[in-house]
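Peer 1:
There are 2 protein chains.
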Amino acid sequence: MLRPWSLQIQLRPQSQTPLYLQIVHSFIEEIRRGRIGAGTALPGTRTLSEQLAVSRKTIIAAYDELVAQGWATSDSTRGTFVSPDLPSLPRWTSRAAPSLGVLGGDGFSWKKAPQVIPWAERSENYLIFDDGTPDPRLAPVEIIARTYRRALVRTARRSELGYGDPRGAFALRQAISTMLNSERGLATTASNICLTRGSQMALYLCSVLLVRPGDYVAVEKLTYPPARTAFARTGASIVSVALDDGGIELDDLERACDEFPVKVIYLTPHHQFPTTVSMRPERRLRLLELSKRKGIVVVEDDYDHEFHFDHQPLLPLASASLDRTVYVGSLSKLISPSLRIGYLVSSPGFVDDVANEIMLIDRQGSQTMETAVAELMSEHISSYARKVHGIYKARRDHFATVLTTVFAQEMSFTIPAGGLAFWVQFKTPLALDELVAAAYRERLKILPSDNFSSDGEAPYALRLGYASMNEGELTEAVQRLHRAYKSVKR
Amino acid sequence: MLRPWSLQIQLRPQSQTPLYLQIVHSFIEEIRRGRIGAGTALPGTRTLSEQLAVSRKTIIAAYDELVAQGWATSDSTRGTFVSPDLPSLPRWTSRAAPSLGVLGGDGFSWKKAPQVIPWAERSENYLIFDDGTPDPRLAPVEIIARTYRRALVRTARRSELGYGDPRGAFALRQAISTMLNSERGLATTASNICLTRGSQMALYLCSVLLVRPGDYVAVEKLTYPPARTAFARTGASIVSVALDDGGIELDDLERACDEFPVKVIYLTPHHQFPTTVSMRPERRLRLLELSKRKGIVVVEDDYDHEFHFDHQPLLPLASASLDRTVYVGSLSKLISPSLRIGYLVSSPGFVDDVANEIMLIDRQGSQTMETAVAELMSEHISSYARKVHGIYKARRDHFATVLTTVFAQEMSFTIPAGGLAFWVQFKTPLALDELVAAAYRERLKILPSDNFSSDGEAPYALRLGYASMNEGELTEAVQRLHRAYKSVKR
Numbered sequence: 001m002l003r004p005w006s007l008q009i010q011l012r013p014q015s016q017t018p019l020y021l022q023i024v025h026s027f028i029e030e031i032r033r034g035r036i037g038a039g040t041a042l043p044g045t046r047t048l049s050e051q052l053a054v055s056r057k058t059i060i061a062a063y064d065e066l067v068a069q070g071w072a073t074s075d076s077t078r079g080t081f082v083s084p085d086l087p088s089l090p091r092w093t094s095r096a097a098p099s100l101g102v103l104g105g106d107g108f109s110w111k112k113a114p115q116v117i118p119w120a121e122r123s124e125n126y127l128i129f130d131d132g133t134p135d136p137r138l139a140p141v142e143i144i145a146r147t148y149r150r151a152l153v154r155t156a157r158r159s160e161l162g163y164g165d166p167r168g169a170f171a172l173r174q175a176i177s178t179m180l181n182s183e184r185g186l187a188t189t190a191s192n193i194c195l196t197r198g199s200q201m202a203l204y205l206c207s208v209l210l211v212r213p214g215d216y217v218a219v220e221k222l223t224y225p226p227a228r229t230a231f232a233r234t235g236a237s238i239v240s241v242a243l244d245d246g247g248i249e250l251d252d253l254e255r256a257c258d259e260f261p262v263k264v265i266y267l268t269p270h271h272q273f274p275t276t277v278s279m280r281p282e283r284r285l286r287l288l289e290l291s292k293r294k295g296i297v298v299v300e301d302d303y304d305h306e307f308h309f310d311h312q313p314l315l316p317l318a319s320a321s322l323d324r325t326v327y328v329g330s331l332s333k334l335i336s337p338s339l340r341i342g343y344l345v346s347s348p349g350f351v352d353d354v355a356n357e358i359m360l361i362d363r364q365g366s367q368t369m370e371t372a373v374a375e376l377m378s379e380h381i382s383s384y385a386r387k388v389h390g391i392y393k394a395r396r397d398h399f400a401t402v403l404t405t406v407f408a409q410e411m412s413f414t415i416p417a418g419g420l421a422f423w424v425q426f427k428t429p430l431a432l433d434e435l436v437a438a439a440y441r442e443r444l445k446i447l448p449s450d451n452f453s454s455d456g457e458a459p460y461a462l463r464l465g466y467a468s469m470n471e472g473e474l475t476e477a478v479q480r481l482h483r484a485y486k487s488v489k490r
Numbered sequence: 491m492l493r494p495w496s497l498q499i500q501l502r503p504q505s506q507t508p509l510y511l512q513i514v515h516s517f518i519e520e521i522r523r524g525r526i527g528a529g530t531a532l533p534g535t536r537t538l539s540e541q542l543a544v545s546r547k548t549i550i551a552a553y554d555e556l557v558a559q560g561w562a563t564s565d566s567t568r569g570t571f572v573s574p575d576l577p578s579l580p581r582w583t584s585r586a587a588p589s590l591g592v593l594g595g596d597g598f599s600w601k602k603a604p605q606v607i608p609w610a611e612r613s614e615n616y617l618i619f620d621d622g623t624p625d626p627r628l629a630p631v632e633i634i635a636r637t638y639r640r641a642l643v644r645t646a647r648r649s650e651l652g653y654g655d656p657r658g659a660f661a662l663r664q665a666i667s668t669m670l671n672s673e674r675g676l677a678t679t680a681s682n683i684c685l686t687r688g689s690q691m692a693l694y695l696c697s698v699l700l701v702r703p704g705d706y707v708a709v710e711k712l713t714y715p716p717a718r719t720a721f722a723r724t725g726a727s728i729v730s731v732a733l734d735d736g737g738i739e740l741d742d743l744e745r746a747c748d749e750f751p752v753k754v755i756y757l758t759p760h761h762q763f764p765t766t767v768s769m770r771p772e773r774r775l776r777l778l779e780l781s782k783r784k785g786i787v788v789v790e791d792d793y794d795h796e797f798h799f800d801h802q803p804l805l806p807l808a809s810a811s812l813d814r815t816v817y818v819g820s821l822s823k824l825i826s827p828s829l830r831i832g833y834l835v836s837s838p839g840f841v842d843d844v845a846n847e848i849m850l851i852d853r854q855g856s857q858t859m860e861t862a863v864a865e866l867m868s869e870h871i872s873s874y875a876r877k878v879h880g881i882y883k884a885r886r887d888h889f890a891t892v893l894t895t896v897f898a899q900e901m902s903f904t905i906p907a908g909g910l911a912f913w914v915q916f917k918t919p920l921a922l923d924e925l926v927a928a929a930y931r932e933r934l935k936i937l938p939s940d941n942f943s944s945d946g947e948a949p950y951a952l953r954l955g956y957a958s959m960n961e962g963e964l965t966e967a968v969q970r971l972h973r974a975y976k977s978v979k980r
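For the protein sequence lines, the chains are A and B, in the order given. Okay, so the first sequence: first residue is 1 according to the numbering used here, each after it adds one. Okay, so the second sequence: first residue is 491 according to the numbering used here, each after it adds one.
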């Protein structure tokens, strides 16, 4: 029998938790901490109701609940007791009061995940040269919202809100297949296509399925860090291959493949990430021939095919063959990153196994959203694409003009034929980390080249995404960058 | 010089691809296949325009494009030539015509992904006993659509459609934290919470971060296959632990942990999957004590906490401590699986590393959808939850009545105190695979116990999700099941 009653019950009348449940939780906590042992008699309902200044009905509800849950037993004549089945436990080590508060002290260890590039949070009054994302303010929100609503109503009526094909909604795979065939020269059906949550998941799936610990993966000297890190995370050794203004350097790649048993070549042939150059046709042919001769898989990341301004984009490598190519794309650049829809294209056999892996990773995406995006693609997206194409081309040209004016002597760059970023190189050496810090003081966030290096070396260069800022913001951002540059070079 | 012109150009006037681009693609295809070598002169624009019966302007546009892309060079007096820089290539091996068609012949090998349980596709006239999903027809579609639209407009205006915190939108992490603290006795802040794409991704992340090849993971004898498979995929050995109507059997678990260096215990204490039983309080205390004594991480999958009908749900194990517990939940059951939003709760240090891993897997979820769901949770969800709670309770009771009536002598089950599925056991042995086949002939899909076995043994039992069917459908489904049963037992 509990004598001088020392239960620590602090009721919070403002809480959303009903009072009787707060009492239940307190008792359980006391039992867990070893402060009330098995078989102990609980105080009478009248006593406790007076002590806590709550109605007796509340105490009775709490005791009923404790009995229902198995923490207590009740005897109509003798009262309520802590269940005798409970094991006798050492007192729970003291811990912070079970109120709101950050819990520290991790009691277990785990494999540390690698750091990728820091994500750029948008913050008040800061301008950001991101890595080439579209302008969220231009997203066709009314059309997306309307289409999503229709898809939601329709899929609910058809009972399709449950679980389905891990490859994703058929309508969207079909729409992407049609687009790839008509605009990018691929020969696909829906069975070649698996939808993913952003293109990053497609790259991750490649790393999981194609690479075993100890395998070699060739990447460009400057490359997309989350891809490189995903491959390295699976245990691959990364081989860094030279890069120039015609894309990946084929002689060096051949040498690398002779020296190491390279299993996968990861590259961004269309608008090289981060340098924006297009891979030259003759190199594409040599690469495909090399891949075939050596049995190497080419993972072709076509992350921003959509925006190409000066001529038609080169056809993807995957248009030649899907036999040894995994093609990765996304709808983030065209519609909105908030949709989180990417896709992977390869042979149906590989795609089926990708789908099995997806069953483990996240089962599937949102069928409703995928259905909505399929409708967007077939009905609305081409006129929207034309509109933003014009806006981004104008921003690109404006950005080039401002850069040339402000950094006349100090910087060199080529206006990119497509994509949403510039690659600018400083003509004289400077400390990139100091430039980043100085820019931050000017309320400007930038991504210097060392973020992208796959071999530790990095040129004095920056990747400057221009598309998410309008003309006025671009001018202001370049001026801030120049002030930062001046302060570092002084 | 190309003599008798043998280019295979088949123009498709109905295609969305402009004619000149079709010509460009055909030329590139011919070059790739080795049918036109480097330096070859292309036919005159007039000749080709006559041959193809298209305007000469179209041919000129095509040639300009080939030059722009680097496939050809042009000389104002002599004409257009295939670029001399292209390597001389062996003829591309013959392949299917580059028209629509399934590409076969996988030219590379990959790690085969394991098969999980087959996903149940909804099909015309079939009824499905799923594994316990809510009824999509009851999803609050108008509220979801309206809230999503508002969130989309708001986040676009605030420039938040770009990339953000890989742990997910703060507002939703905060809303989930508040809900866990007030309704489930946890002590969390938003920093304890990471959003995932469905609870499956949370389980996958646990497998990736907690398990190294060779580690041991203990699971219940009957368990949730995608969780078991995810742990096995990471290289863990699975230890199967006995299970009875009080949940996981603690003596057997202790023995397993003495025999093997178990690193992780995965379990579903609230409504055991698939058997629906609740883990008894004294076992919970013993489990927490064991976890502490041996330094074992408990992964607590609380996959359908929301629907509990007969008394208040037991508090999760994670309410005692997050130091050695990873708590996994989802909003699929309460709102709609189509949202694909789950969450993982643990110490902030572990959560931060989970976020780093997410940067590799899919970077983040949809901030817009997460923001919308936060608003749903704070404003609309409790009245909706009350409504469906009543509906599902009625369906549960109806289902129990029908099962008892139709299978009077042949089946035993306990009405589950919560959750959206029944676990029914046949009183006499029968061939489960034959039952599945017979049910399919009756246009009914079922999930027999062997799907859930972690040691190859399985009782004569089924998990029957009842919530996605209304009363009439449930009656019909039970009758179909009985006909199938009769045909197997005949």
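Even glycine gets a Cβ: it sits at the ideal position worked out from N, Cα and C.
What residue range does the alpha helix (DSSP H) around residue 691 of chain B cover?
Peer 2: Unbroken alpha helix (DSSP H) run through residue 691 of chain B: 688-700.
Peer 1: Name the chain A residues that come within less than 7 Å of residue 825 of chain B, Cβ to Cβ?
Peer 2: What residue 825 of chain B touches in chain A: nothing, since even the nearest Cβ is about 10 Å away.
Peer 1: If you count every other CB in all the chains shown that lies within 10 Å of the CB of residue 274 of chain A, and 16 or more means buried, which is it?
Peer 2: Answer is buried; the Cβ neighbour count reaches 16.
Peer 1: Exposed or buried, residue 517 of chain A, counting other C-beta atoms within 10 Å across all chains shown (16 or more means buried)?
Peer 2: This structure gives no information on residue 517 of chain A, because the portion of chain A shown stretches from 1 to 490.
Peer 1: Residue 748 of chain B to residue 676 of chain B, Cα distance in whole Å?
Peer 2: Rounded to the nearest angstrom, the two C-alpha atoms are 30 Å apart.
Peer 1: Any chance the CB of residue 635 of chain B is under 6 Å from a heavy atom of the ligand MN?
Peer 2: The model on display carries no ligand, and the ligand MN is accordingly not part of it.
Peer 1: If you follow the beta strand (DSSP E) that residue 73 of chain A is in, where does it begin and where does it stop?
Peer 2: Where residue 73 of chain A is concerned, the enclosing beta strand (DSSP E) stretches over 72-75.
Peer 1: Taking 7 Å as the threshold (beta carbon to beta carbon), is residue 161 of chain A in contact with chain B?
Peer 2: Residue confidence is low: residue 161 of chain A scores 49 on pLDDT, short of 50, so the model does not pin down where it sits. No coordinate-derived value is stated.
Peer 1: According to DSSP, simplified to helix, strand and coil, what is residue 790 of chain B?
Peer 2: It is a strand residue.
Peer 1: Per DSSP, which residues does residue 913 of chain B bridge with? Please list them.
Peer 2: Residue 913 of chain B pairs with B:953.
Peer 1: Closest Cβ-Cβ distance between residue 361 of chain A and chain B: below 7 Å?
Peer 2: So, interface residue.
Peer 1: Just checking my contact of residue 691 of chain B with residue 832 of chain B at CB under 8 Å: how many whole Å lie between their CB atoms?
Peer 2: With a Cβ gap of about 6 Å, residue 691 of chain B and residue 832 of chain B count as contacting.
Peer 1: Identify whether residue 325 of chain A lies in helix, strand or coil by the three-state DSSP scheme.
Peer 2: Reduced to three states, the DSSP call for residue 325 of chain A is strand.
Peer 1: What residues in the segment 124-149 of chain A bring their beta carbon closer than 7 Å to a beta carbon of chain B?
Peer 2: Those would be 130, 133, 136, 137, 139, 141, 144, 145, 148 and 149, in chain order.
Peer 1: Could you tell me if residue 10 of chain A is buried or exposed, where buried requires 16 or more neighbouring beta carbons within 10 angstroms of its beta carbon?
Peer 2: With fewer than 16 Cβ atoms within 10 Å of its Cβ, residue 10 of chain A is classed as exposed.
Peer 1: Use the C-beta contact count for residue 532 of chain A: other C-beta atoms within 10 angstroms, 16 or more gives buried, fewer gives exposed.
Peer 2: Nothing can be reported for residue 532 of chain A, as the shown portion of chain A is limited to 1 through 490.
Peer 1: Of all the residues that make up the segment 701-723 of chain B, which are near chain A by a beta-carbon distance shorter than 8 Å?
Peer 2: Residues passing the 8 Å Cβ filter: 702, 716, 719, 720 and 723.
Peer 1: Would you check if the segment 371-378 of chain A and the segment 331-350 of chain A touch, i.e. whether three or more CB-CB distances between them fall below 8 Å?
Peer 2: Yes, the segment 331-350 of chain A is in contact with the segment 371-378 of chain A.
Peer 1: Measure the C-alpha to C-alpha separation of residue 663 of chain B and residue 557 of chain B and round it to an integer number of angstroms.
Peer 2: Straight-line Cα distance between these residues: approximately 53 Å.
Peer 1: For residue 555 of chain B, would you say it is in contact with chain A, using Cβ-to-Cβ distances shorter than 7 Å as the test?
Peer 2: It does; some Cβ of chain A falls within 7 Å.
Peer 1: Would you mind telling me which residues of chain B sit closer than 8 Å to residue 155 of chain A, beta carbon to beta carbon, in chain order?
Peer 2: Here the neighbours are 626 and 828.
Peer 1: How long is the line joining the alpha carbons of residue 133 of chain A and residue 621 of chain B, rounded to whole angstroms?
Peer 2: One C-alpha to the other measures close to 40 Å.
Peer 1: Just mark residue 292 of chain A as buried or exposed, buried being the case when its beta carbon has 16 or more other beta carbons within 10 Å.
Peer 2: It counts as buried.
Peer 1: Taking a cut of 7 Å between CB atoms, which residues from the segment 403-426 of chain A lie near chain B?
Peer 2: Of all residues in the segment 403-426 of chain A, none has a Cβ within less than 7 Å of some Cβ in chain B.
Peer 1: Mind reading off the beta-carbon distance from residue 314 of chain A to residue 298 of chain A? Whole number of angstroms is fine, and I expect it under 8 Å.
Peer 2: With 8 Å as the limit, residue 314 of chain A and residue 298 of chain A do not qualify as a contact, their Cβ atoms being about 15 Å apart.
Peer 1: With DSSP as the reference, label residue 947 of chain B as helix, strand or coil.
Peer 2: Correct three-state label for residue 947 of chain B: coil.
Peer 1: For residue 221 of chain A, does the three-state DSSP call read helix, strand or coil?
Peer 2: Three-state DSSP puts residue 221 of chain A in coil, outside helix and strand.
Peer 1: Does DSSP classify residue 86 of chain A as helix, strand or coil?
Peer 2: Residue state, collapsed to three classes: coil.
Peer 1: For residue 409 of chain A versus residue 461 of chain A, is the C-beta distance shorter than 7 Å?
Peer 2: No, the Cβ-Cβ distance between residue 409 of chain A and residue 461 of chain A is not below 7 Å.
Peer 1: Check residue 385 of chain A in the structure and name its three-state DSSP category.
Peer 2: DSSP places residue 385 of chain A in helix when its eight states are reduced to three.
Peer 1: Assuming residue 49 of chain A is part of the alpha helix (DSSP H), what are its boundary residues?
Peer 2: That run of the alpha helix (DSSP H) goes 45-52.
Peer 1: Over the uninterrupted beta strand (DSSP E) stretch that includes residue 631 of chain B, give me the two end residues.
Peer 2: Run containing residue 631 of chain B: none in the beta strand (DSSP E); it sits in the alpha helix (DSSP H), 631-647.
Peer 1: Kindly say whether residue 366 of chain A, judged by its beta-carbon, lies nearer than 7 Å to any beta-carbon of chain B.
Peer 2: Judged by the 7 Å Cβ criterion, residue 366 of chain A is in contact with chain B.
Peer 1: Given a threshold of 16 other Cβ atoms within 10 Å of its Cβ, counted over all protein chains shown, does residue 583 of chain B qualify as buried or as exposed?
Peer 2: Low confidence applies to residue 583 of chain B: its pLDDT is 31, below 50, so where it sits in the model is not reliable, and the reading given next is rough at best. Per the 10 Å Cβ criterion, exposed.
Peer 1: Using a cut-off of 7 Å between C-beta atoms, extract the partners of residue 518 of chain B located in chain E.
Peer 2: Absent here is chain E; the protein component of the structure consists of chains A and B.
Peer 1: Is the shortest distance between the beta-carbon of residue 879 of chain B and the beta-carbons of chain A less than 7 Å?
Peer 2: No, its Cβ sits nowhere closer than 7 Å to a Cβ of chain A.
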